[in-house]
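First comes the structure, then the notes that go with it.
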Amino acid sequence: MSFPKVGGVKSTTQTEQLALSIIELVDPTKRANGSLQKQRTTALFFFLIYVEYFCVSVYYYCDVEKAFLQLNLAQPDREVTRFLWIHNLSQPPSPKNLVTYRFARVPFGKISSPFLLGAIIKHHLEQHESPISKQLWRNLYVDNVFLSASTFDEAKSLYFESKEIFSDASMNLREFISNNEAFNQFLQQEGNPQQKSTKILGIKWNNICDILSFSLPTYSATVLTKRSILKFIASIYDPLGLISPILVLPKLLLQKLWKTSLSWDDDLTNELEDEWFSIIKNWDNQIISVKRLIDISHSTPIRPHCFVDASGHTYGAVAYLRMVDIISQNISTRISFSKNRLCPIKEMTIPKLELMALVIGARKVPEHTVFGHLSSPDNPADIISRGSTPYELINSKLWWEGSPWLQSDASLWPNNISFTLSDIADKDDETTEHNFNALATTCENKFTNFINSTRYSSFNSLLNVICHILYFIFRCSKNSAIHKILQRYIDSTPVTPSSRRIATLYVFKISQNIHPPPDHEINELRLHRDELGIWRAQSRLDLNTSNYDIQFPVYLNRSCHITSLFILNIHNTLTHSGTTTTLANLR
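Numbering (this note's numbering), first residue to last: 50 to 636.
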């Protein structure tokens, strides 16, 4: 298998100025990477490295010299690393002037190379049973090593020990750079060239000022097409979402282009061109700087606070760290990350988008979470949902520090921060004590049907969704009547046998609300309401069984979609038994 290679000049490094790049064949079935197996990298997710990167006073970075080329390839594996080269560089390329070479070391650019490097480094570090080895592995990302210390002496000790550990594996750590002036002087004495700035996992870092910088690009393409706009947006690297509101408007325009009939390289209309340039007119040479260090040396345990919001076109979440100084009791807050997404092209309701934003936030915060509600002016996630210009974002204290009340004592926080269900719950606890409160009451005009059952083709799927909704209501609602009823069914997890029981009752209530029993059936079947307001019939077997559902079976209309789902579920549970068996179990 052969593939050509080309060289590229790298101006961002002080070591190798020439880098080789692989040019694969277009046909994926004939590519080398298409035949190799990709393994999950053994390195930790770089988000964890960023978390430590923000919270240490002395920080330094280095990389492993020619890391991939330190790994020998087995003889049989070298066959998949063939590439073409010119035999005589003074002659033009021709079939007779080509020669085939093979890599004897692991080449950069192969889909399996990062795993091979990570696995070998991990194996080597495990041979050194020391805290330094564990710290090296915890702060390793491919061939980049990130180390932190509290003092200069500790950083100096880490330098020698880390160099020695990698030296045992015949690997050399180089290109050290730190934010500590004394440590940088020490590095110069050790023969390391001085650097004023570098990139930490793609983000530009000025180690002298100890700030992160995001440089907004200048649109330089001569023709404005869908391809050039996508390339422009993709050139902005922001893994933590610190400037994500700026990208909302460009992404919305790109989504708008997808709705048109324009192909990748068609010129945009004058109207779309004007809209694009109005978005990026103030982007040229704009630099957004963020302070790196979050000082937690004298702080109480850090409390994360996550805000979510959604609009008709965007939804997302933004998280902050709240710190209280033990000595001065000063409170400080700092943005840690954000994430936003465009709404799908298929129109969705705002409540559903709000829940999707809530999912993003809930996945990023600890399990023991207290939910709250606040107004849009105090919600920094509102900036995500509507987008922002670079100037507005740079000067937005709400974005960089969060809601103003976060910097005050918790006792002074707004009272309306608590989430209630007053809009759908009956306010009179005495009259709702025996009702299926907030979900179904004995009064038909107060019944709240918050789910469309016709969208589901499976009874189990419908029950699982309702179980999660009831669990959310149980966790958030402060209505005593709701708790009194739901606590009998809701456990520590959303889906349990007892929660499925009450979800089933609610589904039956939906069915009866859509298709209520007519008067003649109420008389013929001797129907009555139970304590949850569900219509039940008077069975002739009431004296022969202790099962309440057999004594008083639930009324279901045969024309209802829920009835069909319920019967189909019984039929599937009985492994597709006949009509007689299915009806016997149904009754």
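Glycine is no exception: its CB is placed at the ideal position from the N, C-alpha and C atoms.
- In this structure, the alpha-carbon of Leu250 lies about 27 Å from that of Ser381.
- Looking only at Val544, Leu296 and Phe132, the smallest Cα-Cα distance to Lys388 is reached by Leu296.
- Taking every protein chain shown into account, the CB of His422 has fewer than 16 other CB atoms within 10 angstroms, so this residue is exposed.
- Going by beta carbons, Ala406 and Tyr364 fall inside the 9 Å limit.
- Considering only Ser560, Tyr538, Ser541 and Asp540, the residue with the shortest C-alpha distance to Leu511 is Ser560.
- Judged by their CB atoms, Pro429 and Gly410 are not nearer to each other than the 9 Å cut-off.
- Here Ile384 is not near Trp325, since their CB atoms are 9 Å or more apart.
- Under a 10 Å Cβ-count criterion, Trp584 is classified as buried, with 16 or more other Cβ atoms of the shown protein chains found around its own Cβ.
- The Cβ neighbour count for Tyr604, taken over all protein chains shown within 10 Å, is at least 16; the residue is labelled buried.
- The beta carbons of Asp314 and Arg276 sit about 6 Å from each other, so the pair counts as a contact at 8 Å.
- Around the beta-carbon of His354, 16 or more other beta-carbon atoms lie within 10 Å, marking it buried.
- Asn229 is classed as buried because its beta carbon has at least 16 other beta carbons within 10 Å across all chains shown.
- In this structure, Ile226 sits near Cys111, with a CB-CB distance shorter than 9 Å.
- The three-state secondary structure of Asn241, taken from DSSP, is coil.
- Excluding the 5 residues flanking it on each side, Phe232 has same chain C-beta neighbours closer than 6 Å at Phe201 and Ala204, in chain order.
- With fewer than 16 other CB atoms across the displayed protein chains lying within 10 angstroms of its CB, Leu632 is exposed.
- Looking at the backbone, the Cα of Glu320 and that of Leu302 are separated by about 12 Å.
- Assigned with DSSP and collapsed to three states, His173 falls in helix.
- When DSSP states are grouped into helix, strand and coil, Glu114 belongs to the coil group.
- With fewer than three CB-CB distances shorter than 8 Å, the stretch 212–225 does not count as touching the stretch 145–157.
- Close CB contacts of Tyr208 within its chain, under the 6 Å cut and outside five residues either way in sequence, are absent.
- Closest in alpha carbon position to Ser199, among Ile135, Asn256, Leu574 and Asp344, is Asp344.
- As far as DSSP is concerned, Gly582 takes part in no beta bridge.
- Under the DSSP assignment, Glu213 falls in the alpha helix (DSSP H) whose first and last residues are Phe201 to Asp217.
- Contact between Ser161 and Lys115 does not hold, since the beta-carbon distance rounds to 18 Å and is not under 8 Å.
- Looking only at Ser106, Thr438 and Trp454, the smallest Cα-Cα distance to Pro426 is reached by Trp454.
- Residue burial is scored here from C-beta neighbours: Gly290 has at least 16 other C-beta atoms within 10 angstroms and is therefore classed as buried.
- Counting along the chain, the unbroken beta strand (DSSP E) around Asp358 starts and ends at Arg352 to Ala359.
- Between Ser264 and Trp254, the C-beta gap is not smaller than 9 Å, which leaves the two residues out of contact.
- Nearest to Arg151 by alpha-carbon distance, out of His136, Leu165, Ile375 and Phe132, is Phe132.
- DSSP places Met220 in the coil class of the three-state scheme, outside both helix and strand.
- With 16 or more other Cβ atoms from the protein chains shown falling within 10 Å of its own Cβ, Pro294 counts as buried.
- By the Cβ neighbour-count rule, Ala283 is exposed, with fewer than 16 other Cβ atoms within 10 Å of its own.
- Pairwise C-beta distances place the stretch 560–570 in contact with the stretch 601–619, as three or more of them are shorter than 8 Å.
- In chain order, Leu298, Pro299 and Leu302 place their CB closer than 7 Å to the CB of Ile328, counting only its own chain and leaving out the 5 sequence neighbours on each side.
- Distance from the CA of Ile599 to the CA of Asp458, rounded to the nearest whole angstrom, comes to 56 Å.
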